[in-house]
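Residue numbers (full-length UniProt numbering): 1 to 219.
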């Protein structure tokens, strides 16, 4: 059950394979042991928000026994266009495709990426992964993923995916990941300008509240 007492998506499992080894789903399927086992899923990435904190202990307790330790990772993020998922793209790509190669090297080692509904937050992560994996444009990958399942990243996440493509599928200047690319710094600066306003006295005020486009409990 979800924090408000009702299961996401009306209690229905939403689970689709996007590319070999990587599945996209909702919160409901993440704790369904039979669904995970049947799909060969042995690792789970949860993209959840602060509203899920009260649910988190119960959620972790309900994870199947074969999803433990490094096989379960979590990103704290709400479905708001002001949230920066871009900063996670490279790290999660490595977790799926390099650090966790054993997860995707056979039909019995697949990764599930999920949020509440499997539409926006987790879809954004999966789209970024596929873009980097196949060096393919955001628009092409978005169209491809929509053919596999229903997804709808919010406008802020779409802008981040477009920026990721323009950065060459990495926010880092060097292999050691000690320096961010100029394009990423420019993105952050532009994003900050969108999130703040300066009044007549020169004081800075946040505008992030007006940027939220969906309830964090819906995607």
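Built from N, CA and C at the ideal position, the CB exists for glycine as well.
Small disclaimer: the values here were computed from a predicted structure and weren't measured.
Cα-Cα, which of the options is closest to residue i?
i	options	result
residue 97	122, 130, 118	130
residue 86	134, 110, 126	126
residue 67	34, 89, 49, 82	34
residue 40	64, 49, 115, 193	64
residue 12	89, 29, 138, 20	29
residue 118	48, 141, 38	48
residue 192	136, 83, 70	83
By a C-beta neighbour count over all protein chains shown, 10 Å radius and 16 as the cutoff for buried, is residue i buried or exposed?
i	result
residue 165	buried
residue 132	buried
residue 190	exposed
residue 154	buried
residue 46	buried
residue 116	buried
residue 37	exposed
residue 187	buried
residue 215	Note that residue 215 has pLDDT 31, beneath the 50 cutoff, so the model's placement of it is unreliable and no number is given.
residue 200	Its pLDDT being 49, under 50, residue 200 is placed unreliably by the model, and nothing is read from it.
If you measure between the beta carbons of residue i and residue j, is that distance less than 8 Å?
i	j	result
residue 122	residue 113	yes
residue 72	residue 44	yes
residue 157	residue 81	yes
residue 90	residue 170	yes
residue 167	residue 185	no
residue 161	residue 128	yes
residue 109	residue 42	yes
Flag residue i as yes if its beta-carbon sits less than 8 Å from any beta-carbon of chain C, otherwise no.
i	result
residue 46	No chain C appears in the structure shown, which is made up of a single protein chain.
Among residues of its own chain, excluding the 5 on either side of residue i, which ones have a beta-carbon nearer than 7 Å to its beta-carbon?
i	result
residue 62	31
residue 15	23, 25, 29, 35, 39
residue 53	In this prediction, residue 53 scores a pLDDT of 48, lower than 50, which makes its location untrustworthy; no coordinate-derived value is stated.
residue 18	24, 126, 130, 145, 148
residue 159	none
residue 150	119
With a threshold of 6 Å on Cβ separation, who are the neighbours of residue i within its own chain once the five nearest residues in sequence on each side are excluded?
i	result
residue 271	In this structure the chain extends from 1 to 219, so residue 271 is not present and cannot be described.
residue 179	173
residue 88	75
Going by the C-beta, is residue i closer than 7 Å to any heavy atom of the ligand MG?
i	result
residue 163	The ligand content of the structure shown is nil, which means the ligand MG is not present either.
I'd like the list of long-range same chain contacts for residue i, defined as Cβ closer than 8 Å, with 5 residues on each side in sequence excluded.
i	result
residue 135	169
Count Cβ pairs between the stretch 15-35 and the stretch 135-152 that sit closer than 8 Å; are there 3 or more? yes
May I ask you to verify whether the stretch 171-188 touches the stretch 68-81, counting CB pairs closer than 8 Å and requiring at least 3? no
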